[in-house]
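Asks: In the numbering used here, the protein residues as written are 6 to 661.
Virtual Cβ for every residue (Gly too), placed ideally from N, Cα, C.
I'd like to ask some things about the structure below.
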Amino acid sequence: MEQAGESKAIEAHLTEDRVFPPDSAFTAQANINDPAVYERAAADPQAFWAEWAGQLDWMTPWNTVCEWNPPHAKWFLGGQLNVSANCLDRHVRTARRNKAAIIFEGEPGDTRVLTYYDLWREVNQFAGVLKNLGVNKGDRVTIYLPMIPEAAVAMLACTRIGAVHSVVFGVFSSDSLRERINDSQSRVLITADGGWRRGSVVPLKAAADTALDGGACPTIEHVIVYSRTSDPGTVSMQEGRDQWWHRLMENAPARTEPEPMDAEDPLYILYTSGSTGKPKGILHTTGGYLTQVHATVKSVFDMKDEDVYWCTADVGWVTGHSYVVYGPLAAGATVLMYEGAPDWPQRDRFWELIEKYGVTIFYTAPTAIRAFMKWGTEHPAGHDLSSLRLLGSVGEPINPEAWMWYQEHIGGGRCPIVDTWWQTETGAILITPLPGLTATKPGSATRPFPGIAADVVDENGNSVPLGGGGFLVLKEPWPSMLRTLWGDDERYRNVYWSKFDGKFYFAGDGAKRDDEGYFWLLGRVDDVMLVAGHNISTMEVESALVDHPSCAEAAVIGRTHEIKGQAIAAFVTVKEGMGANSDLARELKEHVSRKLGAICRPDDILFTAELPKTRSGKIMRRLLRDIAEGRALGDTTTLADPNIVSSLKDKYENQE
Ligand code: WT7
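As structure tokens, then:
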């Protein structure tokens with residue numbers, strides 16, 4: 006039991022003893038294979054990062070590596086560079102000129118390949134289009150496009166002239182779009198008539214029109230519309246405001262010189278929804294960001310010129326910014342970009358694409374992996390996936406069962422898995438294996454990247470000894486960290502720096518370290534349950550549930566309980582063909598109890614066909630708590646499918 010004055014930490018129950026040492030053949034060819042890299046970086050992190058920065062093209066060299074006035078960091082001061090020049094110009098001067106930069110596959114099956122030279126030409130022209138419309142250095146541009154090469158063209162064109170982009174994911178509603186345009190005060194909106202998703206058109210232009218209706222976005226002067234899904238003649242265009250992308254490109258100059266940008270000039274704003282209130286505009290800057298996304302692409306994904314790399318994230322998420330566009334292109338990689346859904350027209354679309362393009366590196370999210378598990382192994386088994394050499398995971402803790410499945414059924418038992426922990430705020434990967442060096446353990450993101458000072462602390466900010474759990478913090482600045490929240494520095498200080506009195510960056514995640522110092526992420530601390538005086542992570546109970554052969558996915562929450570404080574309630578989806586009945590519910594409770602201890606035994610198990618998730622695939626536990634406690638449902642606007650919660654609520658209220 007908790008003693009008065011004793012500081013609170015998060016208890017951790019899950020144990021995992023499977024270890025996968027790096028393969029010696031992989032290590033031999035790996036970009037990073039000298040274990041001394043960790044000590045070297047720890048001894049002098051600034052020198053370590055400066056070495057990576059030195060691999061970029063600078064127009065003016067920096068004079069100060071890092072200036073740290075907590076909570077504000079500046080990196081590579083005095084230095085000037087241009088992001089598009091680093092992603093394009095420096096490659097077109099080499100043998101990469103006609104190498105594929107982007108291989109695009111549309112959902113309907115249309116394909117395009119843009120070489121570095123093609124992409125460079127498009128970006129030069131589109132940068133000229135923006136300039137002709139009066140966009141200046143520092144102006145904001147909102148991008149609301151489907152997952153098509155033009156999204157990358159638009160982003161890179163902004164960076165070329167020093168405009169600050171704000172990408173809004175194509176499935177966000179017109180309300181969300183309006184809010185983000187107004188917060189960033191964008192002068193231009195770049196959109197498309199529509200995009201393809203599960204065989205239907207996502208009507209982006211119509212949503213954009215609703216957002217702008219009646220002068221609701223007074224800063225917008227121009228709307229550029231890319232024609233993707235329909236005959237341009239059928240799209241309503243507002244005279245004087247809306248113009249077609251292809252028309253503007255016809256009159257664009259062939260060349261637009263890259264603008265020299267200070268290392269600390271803003272690069273982009275990306276809005277991420279806080280649990281409540283208005284979205285936070287995460288601000289990233291130029292030199293440090295590009296340095297770290299490039300360094301991690303080379304080190305974590307072991308990127309080589311021969312690779313065909315596929316990150317399945319949409320460009321609307323930070324993963325799409327850092328690991329579809331900027332990191333891989335800075336490294337001169339070939340990037341596969343796919344527009345649509347993984348189960349369209351069939352549940353093997355991803356595996357078909359890997360086979361078709363000979364993908365070597367594949368980076369996706371645990372929520373997708375659990376869906377693949379649920380759909381069955383026959384889908385990947387029907388394709389030749391032998392080109393794959395490295396797998397990655399991001400977005401949530403990956404439960405050990407999903408990790409094992411990924412390794413066996415996608416990686417054929419031969420590919421290292423990099424479970425990469427990071428956030429929109431961190432800009433780049435911070436905790437991760439290095440595939441040529443790190444022995445991996447299913448479910449652990451392993452160790453901080455070289456040069457990253459991560460720790461696990463208790464409520465008072467004291468480091469928790471190995472074996473214990475607590476709050477994940479970062480004790481030193483890193484190059485790709487957010488600089489502030491757009492227009493709200495006070496909120497920046499409050500959200501990330503106030504919990505530990507400005508001493509550490511508070512990530513908001515719980516974590517434990519095992520005896521070897523490996524990090525195990527335990528989910529958001531808001532999700533931690535307090536059951537009879539014990540801090541239990543929802544993620545651990547979910548992981549134990551999914552470890553049962555019939556369980557496909559689980560979401561666990563704490564609901565108010567008179568005696569225990571909180572009781573554990575689990576919402577469970579079962580694998581295809583498994584019976585969801587009271588026998589299974591009893592068995593699952595026993596299973597959790599055996600794996601984690603009786604304290605973690607769920608009081609309720611409710612079977613459901615689907616779990617409520619955000620559009621980025623994260624389970625919305627807050628809504629499940631509302632259901633379990635019989636409250637009116639809170640904000641459901643960020644849900645991918647709002648119908649799921651209302652039917653769950655009915656089901657929960659009518660059980661027994
Ligand atoms: C939150 C950040 C990072 C880009 C995509 C999500 C969770 C992310 C992992 C991981 C455990 C993870 C954390 C984090 N998360 N990756 N490998 N293991 N948890 O970006 O939307 O800003 O979310 O995602 O809770 O704080 P985001």
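#1: Please go through the same chain and pick out, in chain order, the residues whose beta-carbon is closer than 6 Å to the beta-carbon of P26, but skip the five residues on each side of it.
#2: Between the segment 235-252 and the segment 265-273, are three or more C-beta pairs nearer than 8 Å?
#3: Could you pull the DSSP bridge partners for M534 from this structure?
#4: Whose C-alpha, out of V298, Y343, W427, is nearest the C-alpha of R117?
#5: Among A633, P438, A216, which residue has its Cα nearest to the Cα of A574?
#6: What number of angstroms, rounded off, separates the C-alpha of S304 from the C-alpha of F53?
#7: Measure the alpha-carbon distance for D307 versus I37 and round it to whole angstroms.
#8: So, are the CB atoms of T296 and A58 less than 8 Å apart?
#9: Strictly by DSSP, which residues pair up with E558?
#10: Under the rule that 16 or more other beta-carbon atoms within 10 Å means buried, what is L593, buried or exposed?
#11: Considering only C-alpha positions, which residue in the set T120, S542, A211 is nearest to M242?
#12: Can you round the beta-carbon distance between Y276 and V298 to whole angstroms, since I take them to be within the 8 Å contact cut?
#13: Within a Cβ cutoff of 7 Å, which residues of the same chain sit near L138, ignoring the five residues on either side of it in sequence?
#14: Return the first residue and the last residue of the alpha helix (DSSP H) that D588 is part of.
#15: Considering only the beta carbon of each residue, do A407 and R452 sit closer than 8 Å?
#16: Measure the CB-CB distance between S398 and I359 and report whether it falls below 8 Å.
#17: Could you work out which residue in A516, P113, H77 is closest to G204 when comparing CA atoms only?
#18: Should T489 be labelled buried (16 or more other beta-carbon atoms within 10 Å of its own) or exposed?
#19: Put G522 into one of helix, strand or coil per three-state DSSP.
#20: Could you work out which residue in D460, H539, D270 is closest to L82 when comparing CA atoms only?
#21: Throw me the rounded Cβ distance for the G199 and S235 pair, which I believe falls under 8 Å.
#22: Count the other C-beta atoms from every protein chain shown that fall within 10 angstroms of the C-beta of T239, then say buried if there are 16 or more, exposed otherwise.
#23: Based on Cα-Cα distance, which residue from H414, E413, I415, N404 lies nearest to D424?
#24: In angstroms with no decimal places, state the Cα-to-Cα distance between Y501 and E567.
#25: Would you call Q412 buried or exposed, if buried means 16 or more other Cβ atoms sit within 10 Å of its Cβ?
#26: Where do the ends of the alpha helix (DSSP H) carrying C163 lie?
#27: With DSSP as the reference, label I274 as helix, strand or coil.
#28: Does the beta carbon of V320 fall short of 7 Å from some heavy atom of the ligand WT7?
#29: For W63 and A221, I'd like the C-alpha separation in whole angstroms.
#30: Can you look up C420 in the DSSP assignment and give me helix, strand or coil?
#31: Return the CA-CA distance between T642 and F174, expressed in angstroms with no decimal places.
#32: Inspect the beta-carbon positions of R394 and T437 and report whether they are closer than 8 Å.
#33: Grouping DSSP H, G and I as helix and E and B as strand, with all else coil, what is H553?
#34: Identify, in the order they occur along the chain, each residue of the same chain with its Cβ nearer than 6 Å to the Cβ of P617, setting aside the five sequence neighbours on each side.
#35: Are L477 and V546 touching if we call contact CB-CB under 8 Å?
#36: Pull the bridge partners of Q571 from the DSSP assignment, please.
Replies: For this structure:
#1: A444
#2: no
#3: I541
#4: Y343
#5: A633
#6: 13 Å
#7: 8 Å
#8: yes
#9: T578
#10: buried
#11: A211
#12: Going by Cβ atoms, the distance from Y276 to V298 rounds to 19 Å, so no, they are not a contact pair.
#13: V193, H227
#14: 587-601
#15: no
#16: no
#17: P113
#18: buried
#19: coil
#20: D270
#21: 7 Å
#22: exposed
#23: N404
#24: 33 Å
#25: buried
#26: 154-166
#27: strand
#28: no
#29: 41 Å
#30: coil
#31: 14 Å
#32: no
#33: coil
#34: M625, L628, L644, I649, V650
#35: no
#36: T565
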